[in-house]
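Have a look at the structure below before the remarks.
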Amino acid sequence: MFQWSMAGGGVVYILLGTVAVALYGIRTLGAQALLAFLVPAIAVSLSCELLGTSSGFPFGDYSYLNGLGYKIAGLVPFTIPLSWFYLGLSAYLLARGGCYRPNQPFRGLQLLASVALGSVLLMAWDFVLDPAMSQTAMPFWYWHQPGEFFGMPYQNFFGWFGTGVVFMGIATLLWRGNPRVEGWSRSQLTTPLVVYLANFTFAAVMSMAAGFWLLILLGLLVGAGPAILCWRRSDPEPMVEADLSEIAQAEPAVSVGVATK
């Protein structure tokens, strides 16, 4: 019963998170902007996961076990790129809400900061999740050669950060000129915050059960804390239509660098 609940529950958990964030994205961002994030997030993360499970780059030498659904190419569960999408979008929207002010100068630098911080928030979630989920009574993946950081190689975190930078950077470029992504109010960013903190809490409970208290502290300092600060720093009120129209008519002057691995 425990094995079934862990396996089936993991799939249902990810699917529900994906549906919730997708519905939120359609309502808040619009279908075009949502697809402009969803497609790169799934394509890039799946490519990196397939490369990682077959070659060890960019995350390290690991393999997925059974429990997260059908495996694409026999290597990566179909739910994994979905989790990259919905956690990635939540992290990026929070980072953008905290860093980006479209009516202020240095918009390009603000967007670069948003991509970097969003990738850090995504990586911080993995701080807490990965060691616990790979060392439970029913692990979902395992490392062929345990690393130095609670059984994980440090390379894994560079892989997470780099993967996030790539698909968030692509989405940022695709979002250019779309007034619906130029600013969100604090109330509009409440859903991404709740999604991020709920997933962080789930991972923290797993780490608590494994006795990984230091991981929880690191996650709070690098992930949950900054996510809440970004939400607090976002605009308390939504931008008015006049502001959005003015931004949409302005000459685009944003240059975003996308890191490669």
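Numbers given in the numbering used here equal positions in the sequence shown, counted from 1, plus 5. For glycine and all other residues, C-beta sits at the position ideal for the given N, C-alpha and C.
Give every residue of the same chain whose Cβ lies closer than 6 Å to the Cβ of residue i, excluding the five residues on either side of it in the sequence, and list them in chain order.
| i | result |
| --- | --- |
| G152 | P158 |
| P270 | Because the chain here runs from 6 to 266, residue 270 falls outside it and cannot be looked at. |
Alpha carbon to alpha carbon, how far is residue j from residue i? Give it in angstroms, no decimals.
| i | j | result |
| --- | --- | --- |
| V170 | L28 | 24 Å |
| G113 | R181 | 11 Å |
| E54 | V81 | 7 Å |
| L220 | D135 | 10 Å |
| A176 | L92 | 14 Å |
| L87 | G22 | 9 Å |
| R101 | A36 | 19 Å |
| Q115 | W189 | 15 Å |
| P257 | L178 | Only weak support exists for where P257 lies, its pLDDT of 44 falling under 50; the value from the coordinates is given anyway. Cα to Cα, P257 sits roughly 11 Å from L178. |
| L198 | G228 | 11 Å |
| A142 | G72 | 12 Å |
| M138 | Q109 | 42 Å |
| A203 | F83 | 21 Å |
| A48 | G103 | 27 Å |
| F155 | T206 | 19 Å |
| F217 | V120 | 29 Å |
Using the DSSP secondary-structure output, state which residues sit across from residue i in a beta bridge.
| i | result |
| --- | --- |
| D240 | S190 |
| I77 | V81 |
| F154 | M157 |
| S88 | None, per the DSSP bridge assignment. |
Helix, strand or coil for residue i, going by three-state DSSP, please let me know.
| i | result |
| --- | --- |
| W146 | strand |
| P82 | strand |
| F166 | helix |
| P62 | Contrary to the premise, residue 62 reads as Phe rather than Pro in this sequence. Looking at F62 - three-state DSSP - the assignment turns out to be coil, as it is neither helix nor strand. |
| V16 | helix |
| Y201 | helix |
| Y69 | strand |
| S139 | coil |
Please go through the same chain and pick out, in chain order, the residues whose beta-carbon is closer than 7 Å to the beta-carbon of residue i, but skip the five residues on each side of it.
| i | result |
| --- | --- |
| S60 | none |
| S124 | F166, G169, V170 and M173 |
| V26 | Y91, L94, S95 and V200 |
| L99 | L126, L194, P197, L198, Y201, A232, C235 and W236 |
Run the CB neighbour count on residue i, radius 10 Å, all protein chains shown included, and call it buried at 16 or more, exposed below.
| i | result |
| --- | --- |
| S212 | buried |
| V17 | exposed |
| P107 | buried |
| F111 | exposed |
Can you check whether the C-beta of residue i is within less than 8 Å of a C-beta belonging to chain C?
| i | result |
| --- | --- |
| Q37 | No chain C appears in the structure shown, which is made up of a single protein chain. |
Can you list, in chain order, the residues of its chain with a C-beta nearer than 8 Å to that of residue i? Leave out the 5 residues immediately preceding and following it.
| i | result |
| --- | --- |
| D131 | N161, F162 and W165 |
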